[in-house]
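Reading through the structure tokens given below for one structure.
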Amino acid sequence: MSTGVLEDARRERWREKCGPGISMRKELAEAMETRPQEGRKGPPPRDVPPVVGLLLSMALMNALLYLCLDRLFISPRRSTEDPTRCPHGHFRMGPMSNCSPWLSCEQLRTEVRQMKRVGEGAVKRVFLSEWKERKVALSRLTRLEVRDDFLHGLRMLKSLQSEHVVTLLGYCEDDNSILTEYHPLGSLSSLEATLNLSKYRSTNTWQHRLQLALGYVAIIDFLHRSPLGTLVMCDSSDLPKTLSQYLLTANFSIVLNDLDALPLVNRSTGALVKCGHRELRGDFVAPEQLWPYGEDVPFHDDLMPAYDEKIDIWKIPDVSSFLLGHVEGSDMVRFHLFDIHKACKSQTPAERPTAQDVLDTYQKVLNLLRDTATSQTREML
Ligand SMILES: Nc1ncnc2c1ncn2[C@@H]1O[C@H](COP(=O)(O)OP(=O)(O)O)[C@@H](O)[C@H]1O
Ligand SMILES: [Mg+2]
């Protein structure tokens with residue numbers, strides 16, 4: 001834990017100094033530009049020879065660059081971006097060797113055959129469908145009142161295509177339809193039922209289940225450091241609802257499927273978020289999401305304080321605990337995750353770890369337990 005705390009402090013330092021990685025140069029440039037103005041507000045500047053000034057700015061620039069590059073290099077997500085992914089606006093799925101452009105309205109209308117309904121939520125009705133003899137998922141808007149959420153989800157789906165998000169195959173705003181890759185194992189809600197099928201029983205081990213928890217936290221980390229900024233997974237007011245937003249892929253990884261409620265936290269402008277306009281209850285949601293003024297004051301959305309992405313961190317232990325389930329070894333994994341999960345449940349949001357910290361700890365625990373299991377097997381032989 002102590003190295004985690006050190007890493008945390010280091011990360012906070014460069015987060016303050018660098019901001020999100022993609023705006024690093026801009027912020028550095030701004031930092032350099034604002035110095036003369038700051039000088040104007042303070043006492044009259046002393047005359048500094050131009051050469052000394054230049055050397056000082058170069059030293060400052062180097063120090064900032066050092067801190068920021070440090071950040072870029074320890075971030076595993078940035079260094080492992082998949083070069084085999086298709087360019088924006090294209091997709092590849094299953095055995096396809098080439099990337100295809102997203103299907104148009106015309107193609108969706110003529111080439112996709114809708115079959116049976118496989119799921120439904122508040123915003124979308126999802127149908128198993130067929131395109132060029134391949135199974136695909138066609139999502140249709142359920143009612144016009146939630147069209148804004150549907151379109152927000154589509155925008156996010158287009159912008160966040162990656163290993164962590166379901167593959168977009170096409171869309172048609174005029175028809176309120178979205179075509180995505182079909183995942184026959186369905187959402188995480190049916191994980192237990194799936195793992196109980198004789199076909200998958202050999203996969204029902206603590207190793208695979210911890211790997212799933214790692215995948216889940218990797219998605220939260222991806223959202224919190226996304227190319228669009230810090231996004232909060234709002235569509236998660238209870239455990240079953242949270243689980244229904246993620247799909248289990250055939251090779252037992254997790255992808256985010258429902259991106260309809262991903263508001264943006266903007267630290268520099270102080271813009272925080274609220275998940276919906278209704279009162280939330282229960283202990284699955286973070287304490288700062290609950291009405292703070294007691295039973296005597298009726299809930300009023302305007303009075304409800306906003307919050308940040310740390311609400312997602314609060315929920316990690318509950319989701320992970322579900323993913324770990326109750327198989328041989330799950331409790332041993334829970335024991336090793338006890339400290340980090342306790343930190344996730346800090347009442348004060350700022351004291352909770354970042355998703356990246358949680359991910360690092362999960363990875364260390366997985367490595368440690370795998371090594372232990374391997375050496376135990378060797379000893380037995
Ligand atoms: N690509 C897919 N493959 C398989 N099942 C899916 C797929 N997309 C959605 N589903 C099923 O449909 C359900 C509802 O989808 P979701 O996008 O969460 O709708 P809503 O936005 O209305 O909540 C999911 O929980 C899942 O069971
Ligand atoms: Mg949903």
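UniProt numbering applies: residue 1 is where the sequence shown begins, and numbers increase by one. Virtual Cβ for every residue (Gly too), placed ideally from N, Cα, C.
Inset, instruction - With ligand 2 as the reference, list in chain order each residue whose Cβ lies under 6 Å from any of its heavy atoms. - result: 121, 235, 244, 245 and 258
Inset, instruction - Find out if the Cβ-Cβ distance for the pair residue 246, residue 219 is shorter than 9 Å. - result: yes
Inset, instruction - State the Cα-Cα distance for the pair residue 288 and residue 109, rounded to the nearest angstrom. - result: 45 Å
Inset, instruction - Check whether the Cβ of residue 187 lies closer than 8 Å to any heavy atom of ligand 1, and answer yes or no. - result: yes
Inset, instruction - Specify the secondary structure class of residue 376 as computed by DSSP and reduced to three states. - result: helix
Legend entry - Residue(s) in a DSSP beta bridge with residue 266: 271
Inset, instruction - Report all residues from its chain with a CB closer than 7 Å to the CB of residue 306; omit the five preceding and five following residues, and keep chain order. - result: 272, 273 and 274
Legend entry - Residues bridged to residue 91 [DSSP beta-bridge criterion]: 100
Legend entry - Element boundaries [beta strand (DSSP E), containing residue 135]: 134 to 141
Inset, instruction - Report the rounded CA-to-CA distance for residue 217 versus residue 121, giving the unit in angstroms. - result: 23 Å
Inset, instruction - Assign residue 338 to one of two classes, buried (16 or more other C-beta atoms within 10 Å of its C-beta) or exposed (fewer than that). - result: exposed
Inset, instruction - Out of 84, 98, 114 and 255, point me to the one whose CA is closest to residue 130's CA. - result: 114
Legend entry - Backbone secondary structure at residue 352 - three-state DSSP: coil
Inset, instruction - Would you kindly work out how many angstroms separate the C-alpha atoms of residue 188 and residue 160, rounded to a whole number? - result: 20 Å
Inset, instruction - Measure the Cβ-Cβ separation of residue 309 and residue 224 and say whether it is below 9 Å. - result: yes
Legend entry - Completely contained beta strand (DSSP E) runs for the stretch 247 to 326, where each covers 3 or more residues: 254 to 256
Legend entry - Counterpart residues of residue 177 in DSSP-defined beta bridges: 140 and 172
Inset, instruction - Would you check whether ligand 1 has a heavy atom nearer than 8 Å to the C-beta of residue 183? - result: yes
Legend entry - Any non-hydrogen atom of ligand 1 closer than 8 Å to residue 162 Cβ: no
Inset, instruction - Give the range of the beta strand (DSSP E) segment to which residue 241 is assigned. - result: Where residue 241 is concerned, there is no enclosing beta strand (DSSP E), although the alpha helix (DSSP H) it sits in stretches over 239 to 243.
Inset, instruction - Please list, in chain order, all residues of the same chain as residue 56 whose beta carbon is under 7 Å from its beta carbon, the five residues on each side excluded. - result: Its pLDDT being 47, under 50, residue 56 is placed unreliably in this model, and the coordinates cannot settle the point.
Legend entry - Candidates 280, 347, 336 and 232, of which the one nearest residue 267 by Cα: 232
Inset, instruction - Kindly identify the DSSP beta-bridge partner or partners of residue 120. - result: 125
Inset, instruction - Would you kindly work out how many angstroms separate the C-alpha atoms of residue 125 and residue 379, rounded to a whole number? - result: 53 Å
Legend entry - C-beta contact flag for residue 213 and residue 320 at 9 Å: yes
Legend entry - For residue 340 and residue 361, the rounded distance between their alpha carbons: 7 Å
Inset, instruction - Give the DSSP-derived three-state secondary structure of residue 194 in the structure shown. - result: helix
Inset, instruction - Tell me, please, whether the stretch 311 to 319 touches the stretch 344 to 352 by the rule of three or more beta-carbon pairs shorter than 8 Å. - result: yes
Legend entry - Delimiting residues of the alpha helix (DSSP H) encompassing residue 336: 330 to 336
Legend entry - beta-carbon residue 247 near ligand 1 non-hydrogen atom, thresh 8 Å: yes
Inset, instruction - Can you grab the Cα-Cα spacing for the pair residue 74 / residue 357, in whole Å? - result: Any reading at residue 74 must be qualified, since the residue scores a pLDDT of 29, below 50, and its modelled position is unreliable; no value is offered.
Legend entry - Top-ranked residue by Cα proximity to residue 141, from 151, 118, 190 and 132: 151
Inset, instruction - State yes or no: is the C-beta of residue 327 nearer than 8 Å to some heavy atom of ligand 1? - result: no
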